[in-house]
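What follows is a single structure, written as structure tokens, with notes after it.
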Amino acid sequence: NAGVMQNPRHLVRRRGQEARLRCSPMKGHSHVYWYRQLPEEGLKFMVYLQKENIIDESGMPKERFSAEFPKEGPSILRIQQVVRGDSAAYFCASSPFSGNQPQHFGDGTRLSIL
Amino acid sequence: RKEVEQDPGPFNVPEGATVAFNCTYSNSASQSFFWYRQDCRKEPKLLMSVYSSGNEDGRFTAQLNRASQYISLLIRDSKLSDSATYLCVVNMKSGGGADGLTFGKGTHLIIQP
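Chains as they are written, first to last, in my numbering: chain E, 100 to 213; chain H, 397 to 509.
Here you go:
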């Protein structure tokens, strides 16, 4: 049973470009969560999605960041017009249900902005 | 007050020793609690859930004290492979059904041979 799959593992972008991060949840999981870990910091919740719905985006920056989880295909975290401060590790997690369930994490995408 | 607070360490512990970490959380309405482990900035891996009655998994024991709002993790007979950062994680379940987990910054454990 494949775990949470994220790609790419490493992504390099220049300032002003767009970054697209992909996440396929574990088989049977319909709840997806995105987290960001800045250097020397803990993980911070960004957004929680179910298929075709954003349930909670309270942790998303107001501008340049968006997320989707379409009916078919992986969840996408999109960062437009990237800046140096966007450099971080972005982790995706999934769970089979909402509520008091542990979440299982992917390997993460390390985003570096030149 | 930080939402989830941990002593960052590092804790330097000889192999075979017992080590304990605590973690405090700010939201008394928090619903669920976990310990995760993170190695060298890799992905967090679930170590164990924490239940009100306390629970044990091999050499690891977790306790929850809701009245004092703290969680503990005890590692017995520590192994070199236990060296990692241990993350205290809380589902604060604020209104609206948010299920994002709140992470502490982690406690760094180094097991020395």
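Beta carbons: idealized from backbone N, C-alpha and C, even for Gly.
Asked	Found
Once DSSP output is grouped into helix, strand and coil, what is the label at residue 209 of chain E?	strand
I'd like the list of long-range same chain contacts for residue 209 of chain E, defined as Cβ closer than 6 angstroms, with 5 residues on each side in sequence excluded.	109, 188
Check the Cβ-Cβ distances between residue 144 of chain E and every residue of chain H, and say whether any is below 8 angstroms.	yes
On the three-pair Cβ rule with 8 angstroms, is the stretch 413-426 of chain H touching the stretch 132-141 of chain E?	no
In terms of residues, what are the limits of the beta strand (DSSP E) holding residue 109 of chain E?	109-112
If we cut at 8 angstroms on Cβ distances, does residue 190 of chain E have a partner in chain H?	yes
Determine whether the beta carbon atoms of residue 485 of chain H and residue 447 of chain H lie at a separation below 8 angstroms.	no
According to DSSP, is residue 399 of chain H part of a helix, a strand, or is it coil?	coil
Taking all protein chains shown into account, do 16 or more other C-beta atoms lie within 10 angstroms of the C-beta of residue 506 of chain H, making it buried, or fewer, making it exposed?	exposed
Tell me, please, whether the CB atom of residue 109 of chain E is closer than 8 angstroms to any CB atom in chain H?	no
Chain H partners of residue 203 of chain E, CB-CB under 8 angstroms?	442
Looking at the structure shown, is residue 185 of chain E part of a helix, part of a strand, or coil, going by DSSP?	helix
With a 10 Å radius around its C-beta and 16 neighbouring C-beta atoms as the bar for buried, classify residue 503 of chain H as buried or exposed.	buried
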